[in-house]
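Data block below; observations after.
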Amino acid sequence: MNDIDASITVILILGCHLAAILIGYKKQKTTLIVSYLNAVIIIGFLIFWIIDNINAKQHNFDFIELSVISVEVSILIAALYSISGFYSKTVVKVINYIGFGFHFLVTIGMLYFMLTFKLDTFF
6 MNDIDASITV
16 ILILGCHLAA
26 ILIGYKKQKT
36 TLIVSYLNAV
46 IIIGFLIFWI
56 IDNINAKQHN
66 FDFIELSVIS
76 VEVSILIAAL
86 YSISGFYSKT
96 VVKVINYIGF
106 GFHFLVTIGM
116 LYFMLTFKLD
126 TFF
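Shown next as structure tokens:
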């Protein structure tokens, strides 16, 4: 994937975040739509992480890597709990919105980094 394709992909992900907020606001189901978006992003992240690490013969977990995976799994559990019908609970709403904001800020940071520095490949 070259630089332009990666930038377009990140911009599309940002567009999905903004569309989720707008559609959720219009339909009064922001928590449910944010939960679906969080679940899709986290499942994609975990699939990428598994494929990326499957070739390693021995993988040692760093503290940061283990922390990020733990946070992502907890957000995924809250998203699945919300999708299953408990999206009106306050704790689930808070975790979903924190996860949504975290993903949004990380995506903006990735786009800023990619536009600032020239990259030959995405990873």
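Heads up, the sequence shown is in my numbering, so the first residue is 6 and it goes up one at a time. Backbone N, C-alpha and C define an ideal beta-carbon position, used for all residues, glycine too. Owing to the predicted nature of the structure, the values given are computational and were not obtained by experimental measurement.
Nearer than 8 Å: is that true of the beta carbon of residue i relative to any heavy atom of the ligand NAD?
i	result
threonine 36	With respect to the ligand NAD, the structure shown offers nothing to examine, as it has no ligands at all.
Return the chain-ordered list of same chain residues with a C-beta closer than 8 Å to the C-beta of residue i, the five sequence neighbours on each side being excluded.
i	result
isoleucine 18	Ile46 and Thr112
cysteine 21	Leu42
Between the options, which lies nearest to residue i when the distance is taken from Cα to Cα?
i	options	result
isoleucine 48	Lys123, Phe122, Ile13 and His108	His108
Taking only the alpha-carbon atoms, compute the straight-line gap between residue i and residue j and give it to the nearest angstrom.
i	j	result
histidine 64	aspartate 57	11 Å
isoleucine 103	aspartate 67	23 Å
phenylalanine 105	serine 75	16 Å
serine 12	threonine 121	11 Å
phenylalanine 53	leucine 37	24 Å
isoleucine 9	leucine 23	21 Å
lysine 34	serine 79	21 Å
isoleucine 16	phenylalanine 91	31 Å
lysine 32	threonine 14	26 Å
lysine 62	serine 93	44 Å
lysine 123	serine 89	42 Å
Report yes if the CB atom of residue i is closer than 9 Å to the CB atom of residue j, and no otherwise.
i	j	result
glutamate 77	leucine 110	no
Under 7 Å Cβ to Cβ from residue i, same chain only, skipping five residues before and after it: list those, please.
i	result
asparagine 101	Thr36, Val39, Ser40, Asn43, Ala83, Ala84 and Ser87
Any 3 or more C-beta pairs closer than 8 Å across the stretch 85-99 and the stretch 110-121:
With fewer than three CB-CB distances shorter than 8 Å, the stretch 85-99 does not count as touching the stretch 110-121.
Is there contact between the stretch 26-45 and the stretch 59-76, where contact requires at least three CB pairs shorter than 8 Å?
Touching, no.
I'd like to know if the stretch 31-45 and the stretch 81-92 are in contact, where contact means that at least 3 CB-CB pairs between them fall below 8 Å.
Verdict: yes, contact present.
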